[in-house]
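In our numbering, the protein residues as written are 297 to 507.
We put the CB at the ideal spot given by N, CA and C, even for glycine.
Below you'll find the structure, written out as structure tokens, and then a few comments.
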Amino acid sequence: MVNVMSDDKKWSLSMHHIECCNCSHGCGCQFSGFPDSTSGGCEALLGFLVKSGQLNNLDLSGLKIVFAATWPKAIHEGNGKGALFICSEATEEQVTAIATIFSGQAGGMPFEGLATTFSEFEGPLVKKITMNIDDKYSSFSVESILKVQQTPLINPMNGEDQNVHITYPDGGFFWNDGIIGTSSEMSIKHNSLDFQHVGRFAAKAEVEWAN
297 MVNVMSDDKK WSLSMHHIEC CNCSHGCGCQ FSGFPDSTSG GCEALLGFLV
347 KSGQLNNLDL SGLKIVFAAT WPKAIHEGNG KGALFICSEA TEEQVTAIAT
397 IFSGQAGGMP FEGLATTFSE FEGPLVKKIT MNIDDKYSSF SVESILKVQQ
447 TPLINPMNGE DQNVHITYPD GGFFWNDGII GTSSEMSIKH NSLDFQHVGR
497 FAAKAEVEWA N
């Protein structure tokens with residue numbers, strides 16, 4: 297990842313947040329901090345659409361960002377591998393700004409804390425990103441590298457969509473209120489990031505992050 301350090305980098309991001317991982321529908325990380333996946337580790341794909349944002353005076357609105365990662369155990373136990381993808385519409389200056397924020401170099405949560413959990417990280421990788429924001433049906437893809445499609449949880453008694461939320465009244469690490477669904481597709485094949493999961497945890501949320 298780029299190495300751009302600064303003593304004065306003020307940023308804020310208001311974003312749509314699309315999240316899928318290999319945990320079951322509740323996601324143990326949301327409650328106990330430990331994944332409930334069959335492997336005991338975490339494999340995740342996250343997509344972001346910036347509604348409004350800036351780094352100092354640089355406008356970041358409209359950018360699409362995808363974050364891919366895997367950890368052998370719980371996230372906070374570290375040794376993760378990750379990659380950061382930024383949409384090809386971004387200018388060189390915007391790419392550097394997003395990489396500076398997402399790498400934790402500008403300070404502020406959640407990135408400052410998350411950055412300490414990686415032993416390997418690749419990016420920023422500028423690629424064509426397609427993203428659709430549609431609550432429980434949200435999706436994103438990065439060329440032929442990765443793809444995520446969310447779908448609702450279905451009530452087995454009547455076949456109707458379940459309306460499920462996970463809410464943190466005092467604020468969560470990533471989001472405060474997540475619309476919970478499942479994944480009909482979640483896959484990536486990029487160097488050491490190579491996994492595929494169907495029917496696992498999915499969340500759609502709105503996030504407001506700043507340093």
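- G358 and I475 have their alpha carbons spaced roughly 22 Å apart.
- A340 sits buried, since 16 or more C-beta atoms from the chains shown fall within 10 Å of its C-beta.
- As DSSP reads the structure, C319 sits in no beta bridge.
- Nearest C-alpha to V503 among A395, N451, M482, P406: P406.
- Taking the CA atoms as reference points, C383 sits about 5 Å from K360.
- Its Cα nearest to that of T463, the residue W471 stands out among W471, D457, E456.
- Closest in C-alpha terms to H313, from the list T413, D430, D466, S483, comes D430.
- Annotation: the stretch 408-461 contains no complete segment of the alpha helix (DSSP H) (minimum length 4 residues).
- The C-beta distance from I441 to I484 rounds to 6 Å, short enough to meet the 8 Å contact threshold.
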